[in-house]
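Trainee:
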Amino acid sequence: MFDVLTVLQLYWSFLKIGITSFGGMSMIPLITSEMMGHGWMEASEISDIVAIAEMTPGPLGLNCATFAGLKAAGIVGACAANLGVLTPSFTLAILAAIFFAKFKESTIMQRILVGVRPSCIAMVIGVIFTLSMSNYVTDAGISPVAVIISIVDIALLRFAKLGIPTVIIISAVIGIVVYGVAGF
Amino acid sequence: MKKNESDIVEKKISSNISRKTSIGTLFTDFLKFGLFTFGGGWSIVAQMEKIYVEDRKVVSSHELLDLTSVGRSLPGTMIGNIAILFGYSQQGIPGALVSLFAMILPPFLVLLIVASCYTAFRTNFWVASAMSGIRCAVVPIILTAALKMFNGAFKFPPCYFVTVICVLLYVFFNVSCVYLVIFGAVCGLIISDFYARKEV
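Protein chains in written order, with our numbering: chain A, 90 to 273; chain B, 924 to 1123.
(1) Does any residue of chain A bring its CB to less than 7 angstroms from the CB of ALA1108(B)?
(2) Please list, in chain order, all residues of the same chain as TYR975(B) whose beta carbon is under 6 angstroms from its beta carbon, the five residues on each side excluded.
(3) Who are the near neighbours of LYS193(A) in its chain, counting only those whose CB is closer than 6 angstroms to its CB and skipping five residues on each side?
(4) Taking Cβ to Cβ, would you say ILE253(A) is nearer than 7 angstroms to GLY1056(B)?
(5) Strictly under 7 angstroms for the Cβ-Cβ distance: is SER122(A) near chain B by that measure?
(6) Is ILE1002(B) close to chain A, meaning its C-beta is less than 7 angstroms from at least one C-beta of that chain?
(7) With a 10 Å radius around its C-beta and 16 neighbouring C-beta atoms as the bar for buried, classify THR960(B) as buried or exposed.
(8) Which value, in whole angstroms, describes the spacing of the CA atoms of SER1022(B) and LEU987(B)?
(9) Determine, using beta carbons only, whether PHE274(A) comes closer than 7 angstroms to chain B.
(10) Can you give the Cα-Cα distance for GLY1075(B) and ILE1036(B), rounded to whole angstroms?
(11) Identify the contact partners of TYR1093(B) in chain A, using a Cβ-Cβ distance below 7 angstroms as the criterion.
(12) Tell me whether the segment 997 to 1009 of chain B and the segment 170 to 190 of chain A touch, counting them as touching only if at least three CB pairs, one residue from each stretch, are closer than 8 angstroms.
(13) What residues are listed by DSSP as bridge partners for PHE230(A)?
(14) How many angstroms separate the CA atom of LEU1068(B) from the CA atom of LEU990(B)?
(15) In chain A, which residues lie with their C-beta within 8 angstroms of the C-beta of THR991(B)?
(16) Near PRO1030(B), what residues of its chain come up, given a Cβ to Cβ distance below 7 angstroms and the 5 sequence neighbours on each side ignored?
(17) Does DSSP put PRO1080(B) in a helix, in a strand, or in coil?
(18) For HIS127(A), which three-state DSSP category applies?
(19) Residue range of the alpha helix (DSSP H) that TYR1011(B) falls in?
(20) Less than 7 angstroms between CB atoms is the rule here; does LYS1078(B) satisfy it with respect to chain A?
(21) Spell out whether any CB of chain A is found under 7 angstroms from the CB atom of CYS1082(B).
(22) Is THR227(A) close to chain B, meaning its C-beta is less than 7 angstroms from at least one C-beta of that chain?
(23) Between the segment 166 to 188 of chain A and chain B, which residues of the former have CB atoms less than 8 angstroms from a CB of the latter, in chain order?
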């Protein structure tokens, strides 16, 4: 039913992608070169992956792996690609988890974390900044409709204390009504 | 002074009481996280913050922040690493594997269905409208969680400078997160050492 060699190649390609990248968009150039190098996908399909990966739930890197694996070798290929991307998590992250659980109470680790926490906060701020730029700023300037929906979402999260899944579903409905029915 | 002491005792007691999350709960929680993660790894951190820190108080916000920074600075997908780290902290290696598996399952299944009709899906007007709505929710979700994580992240005043410098490096110079974590670690050692000497 499936080509063993292709599946192994997929695992190896995505293992390389997993080890040399740090998630998200940083994976795209690597995925592009691996996919095109093996002739698994064409350039136009690569941009499709990104669009689909962003439209479906889940992390971009894993979605790209699933999609590329499916294209190259069906469901088995998708599993192999996923396993490849996740290999660093299965190995390095487990080692880190064991190490971290052991040493997190030590003085040195406590002191290191005093500085690491602020740097992590900085990454969140950075991500919020980049996401805001891509979500609210279009070619025509800042999108007022998007800003208003976001303010509603903040109110739902902060004051109505709704769960995140609920807020996502409400936002999807607002999107359908505002962009779809009303045609903004 | 006395109030401080009783606070510490109280904190210790409450941290002893807070139970670990069972494997079954980890599984259902991470299924949900996987299904509702849009806009990258940080929205899963936001979901974990809401459930584990705010509602159930299983971990403190800075413990979650610690796991996040370790997960972010390892290679591979950030949330795969975070699932492993959090699962391990709750139930050891079985917990880690269950969390990771549960998290990747929903996106995998959704994509299997979508991929079979992806051109139709991509160009569907109603799907695009719903996605535009969801995209608006991503920043509020991450922002709300980030505001809560500020608590306890800044132990000494110079820690704010670390954040400011890292934001500048990240946004304007595209410095990789690994270097930011290393930079933070070095600053942490220097800052803590300075304040430890000051106390003596």
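The beta carbon of each residue, even a glycine, is placed where N, CA and C say it ideally should be.
Bear in mind that the values here come from a model prediction, so they are computed numbers and not experimental data.
Mentor: From the atom records:
(1) The count along the second sequence starts at 1 and reaches residue 1108(B) at position 185. For ALA1108(B), the answer is yes, since a Cβ of chain A falls inside 7 angstroms of its Cβ.
(2) Start at 1 with the first residue of the second sequence, and residue 975(B) comes out as number 52. These residues qualify, in order along the chain: VAL981, VAL982.
(3) Stepping through the first sequence from its first residue, residue 193(A) is reached at position 104. Cβ contact annotation for LYS193(A) (same chain, cutoff 6 angstroms, sequence separation greater than five): none.
(4) Counting from 1 along the first sequence, the entry for residue 253(A) is found at position 164. Counting from 1 along the second sequence, the entry for residue 1056(B) is found at position 133. ILE253(A) is not a Cβ neighbour of GLY1056(B), given a cutoff of 7 angstroms.
(5) Residue 122(A) sits at position 33 when you count from the first residue of the first sequence. By this cut-off, SER122(A) is not an interface position.
(6) Counting from 1 along the second sequence, the entry for residue 1002(B) is found at position 79. By the rule that beta-carbons nearer than 7 angstroms mark a contact, ILE1002(B) touches chain A.
(7) As a first step, residue 960(B) is located in the second sequence; it is residue number 37 there, counting from the start. Flag for THR960(B) reads buried.
(8) Locating residue 1022(B) in the second sequence gives position 99, where the first residue counts as 1. Locating residue 987(B) in the second sequence gives position 64, where the first residue counts as 1. Computed Cα separation, rounded: 15 angstroms.
(9) Given a span of 90 to 273 for chain A in the structure shown, any question on residue 274(A) remains unanswerable.
(10) By 1-based counting over the second sequence, the position of residue 1075(B) is 152. By 1-based counting over the second sequence, the position of residue 1036(B) is 113. Each residue's alpha carbon lies about 43 angstroms from the other.
(11) For the purposes of this step, residue 1093(B) is taken as the residue at position 170 of the second sequence. Taking a Cβ-Cβ cut-off of 7 angstroms, the neighbours of TYR1093(B) in chain A comprise ALA211, MET212, GLY215, given in sequence order.
(12) The segment 997 to 1009 of chain B, when compared against the segment 170 to 190 of chain A, does touch it at the 8 angstroms Cβ threshold.
(13) Locating residue 230(A) in the first sequence gives position 141, where the first residue counts as 1. It is worth fixing the name first, because residue 230(A) is Gly in this sequence and not Phe. GLY230(A) pairs with THR227(A).
(14) By 1-based counting over the second sequence, the position of residue 1068(B) is 145. By 1-based counting over the second sequence, the position of residue 990(B) is 67. Here the sequence assigns Ala to residue 1068(B), which means Leu is not the residue at that position. Taking the straight line joining both Cα atoms gives about 15 angstroms.
(15) As a first step, residue 991(B) is located in the second sequence; it is residue number 68 there, counting from the start. Around THR991(B), the beta-carbon contacts reaching into chain A at under 8 angstroms are CYS209.
(16) Your numbering for residue 1030(B) matches position 107 in the second sequence. For PRO1030(B), where only same-chain residues beyond five positions count, the Cβ hits under 7 angstroms are GLY957.
(17) Position 157 of the second sequence holds residue 1080(B). In the structure shown, PRO1080(B) falls within a coil segment according to DSSP collapsed to helix, strand and coil.
(18) For the purposes of this step, residue 127(A) is identified with residue 38 of the first sequence, where counting begins at 1. Here HIS127(A) sits in coil by DSSP.
(19) As a first step, residue 1011(B) is located in the second sequence; it is residue number 88 there, counting from the start. Per DSSP, the continuous alpha helix (DSSP H) segment holding TYR1011(B) begins and ends at 1001 to 1039.
(20) One-based indexing of the second sequence puts residue 1078(B) at position 155. With 7 angstroms as the cut-off, LYS1078(B) counts as an interface residue toward chain A.
(21) In the second sequence, the residue the question calls residue 1082(B) occupies position 159. Proximity of CYS1082(B) to chain A, defined by a Cβ-Cβ separation below 7 angstroms, is satisfied.
(22) Stepping through the first sequence from its first residue, residue 227(A) is reached at position 138. THR227(A) is outside the set of residues whose beta carbon lies under 7 angstroms from a beta carbon in chain B.
(23) So the list reads ALA167, ASN171, VAL174, LEU175, THR176, PRO177, SER178, PHE179, LEU181, ALA182, ILE183, ALA185, ALA186, ILE187, given in the order they occur along the chain.
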